[in-house]
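FYI, in this note's numbering the residues of the sequence shown are 61 to 282. Just so it is clear, CB atoms sit at the ideal spot from N, CA and C, and this is done for glycine as well. Just so you know, these numbers come straight off a predicted model, no measurement behind them. Since the structure comes first, as structure tokens, the remarks are kept for the end.
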Amino acid sequence: MSEVRTILLNRSIADSIEEEAEELRQELKKRKIFLLNVMSSPGSGKTTTLIRLVNLLKDKYRIAIMEADIDSDVDAITVARETGVKSIQLHTGGMCHLDGSMTRQGLEALDGEYDFVILENIGNLVCPAEFDTGASMNMVILSVPEGSDKPLKYPLMFEKSDLVLINKIDTLEYFDFDYNIVENFIFNRNKNAVIFKISAKNGTGVEEVSKHLSSLIDKWRS
Ligand SMILES: Nc1nc2c(ncn2[C@@H]2O[C@H](COP(=O)(O)OP(=O)(O)OP(=O)(O)O)[C@@H](O)[C@H]2O)c(=O)[nH]1
Ligand SMILES: [Mg+2]
61 MSEVRTILLN RSIADSIEEE AEELRQELKK RKIFLLNVMS SPGSGKTTTL
111 IRLVNLLKDK YRIAIMEADI DSDVDAITVA RETGVKSIQL HTGGMCHLDG
161 SMTRQGLEAL DGEYDFVILE NIGNLVCPAE FDTGASMNMV ILSVPEGSDK
211 PLKYPLMFEK SDLVLINKID TLEYFDFDYN IVENFIFNRN KNAVIFKISA
261 KNGTGVEEVS KHLSSLIDKW RS
């Protein structure tokens, strides 16, 4: 039996999706809530990474997670089980992205006081980058098996994400993934990007990411 609530999101009917997202961002800033929008291809390791990050940060912040998918509630159930924090599943009714209005519906359904809310966006390197969710920060995860050329092929995703995690570095010996090339491609798209190399599977590098996030959250909330 499902332990988490599932919310079916409605599409925005606002004239300006951008203004709606900016309004949400400002409102969250006033309420001292840091909202992290996490994006990647399907299977790059969003859920695995988030579980590790939440377990490192949950004693310092009141955390909640919104898991967005087209169908199923496995991610929300897994996160709730592995971290114990409040988690809800958002269904997009077939859409491959979330916008500010949909994010707001998720936040309302969370129904509680939080310092740090994480949105795991739909697994896709294209559509989620095209829509502002109202998040305080966007983070993208690129995993080693996907290849070094992804920032070239999906440039908008890397332009919109100031935090980039290169995940699955435990598999480097099996792939011809070139970190120096990928770093150049990312900085060509976004000179402000901060890049970390991690393995969500064995935990390598995740503590450094949690410390970086913690300083961003504290700054946002001050
Ligand atoms: N070897 C290795 N496998 C990993 C790592 N991180 C995640 N995985 C595996 O990759 C698979 C997908 O991980 P998830 O965390 O579910 O990926 P996701 O991005 O949340 O997937 P979707 O929500 O379906 O888009 C699982 O089998 C994980 O165990 C890693 O650092 N190294
Ligand atoms: Mg997932």
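Among the options, nearest to residue i - alpha-carbon criterion
i	options	result
Glu80	Val254, Thr163, Leu69, Ile148	Thr163
His151	Met126, Glu142, Val139, Ser101	Met126
Asp129	Glu180, Gly263, Phe237, Phe235	Glu180
Asn227	Ile67, Leu96, Leu110	Leu110
Pro188	Leu88, Gly160, Ser208	Gly160
Leu88	Gly144, Asp175, Glu142, Tyr234	Asp175
Glu219	Gly194, Ile229, Phe191, Ala253	Ala253
Leu232	Gly103, Gly207, Ser196, Ala74	Gly207
Gly166	Glu173, Gly154, Gln149	Gln149
Ile201	Cys156, Gly103, Phe94, Ser72	Gly103
Ile277	Val139, Val177, Thr108	Val177
Cys156	Glu268, Glu267, Ser100	Ser100
Asp135	Ser270, Thr66, Asp238	Thr66
Glu173	Phe94, Ala140, Arg112	Phe94
Leu273	Val98, Arg71, Val186	Val98
Leu216	Asn184, Arg141, Asp238, Lys120	Asn184
Leu69	Ala140, Leu158, Lys120	Leu158
Short CB-CB distance (under 7 Å) between residue i and chain C
i	result
Leu202	Among the chains in the structure shown there is no chain C, since it carries only a single protein chain.
DSSP bridge partner residues for residue i (one or two, in chain order)
i	result
Glu180	Val98, Glu127
Ile151	Note on identity: in this sequence residue 151 is His, with Ile being the wrong assignment. DSSP, once it has assigned bridges, lists Leu68, Asp129 as partnering His151.
Met199	Val98, Leu223
Lys146	Ala124
Ile255	Val224
beta-carbon residue i near ligand 1 non-hydrogen atom, thresh 6 Å
i	result
Gly105	yes
Ser147	no
Asp230	yes
Ser259	yes
Asn227	yes
Ser270	no
Gly183	yes
Thr193	no
Ser221	no
Ser132	no
Pro188	no
Ser161	no
Pro205	no
Thr108	yes
Beta-carbon gap between residue i and residue j smaller than 7 Å
i	j	result
Leu223	Met199	yes
Gly265	Ile258	yes
Val64	Ser147	yes
Arg307	Gly194	No statement about residue 307 is possible, as the shown extent of the chain runs from 61 to 282 and does not include it.
Gly263	Ser203	no
Leu117	Met197	no
Lys92	Arg281	yes
Lys349	Asp236	The structure shown has nothing for residue 349, since the chain only spans 61 to 282.
Glu83	Asp192	no
Thr143	Asn115	yes
Leu113	Ser275	no
Ligand 2 heavy atom lying under 6 Å from the CB of residue i
i	result
Asp135	yes
### Query
At a cut of 8 Å, does the stretch 204 to 221 reach the stretch 245 to 254 through at least three beta carbon pairs?
Yes, the stretch 204 to 221 is in contact with the stretch 245 to 254.
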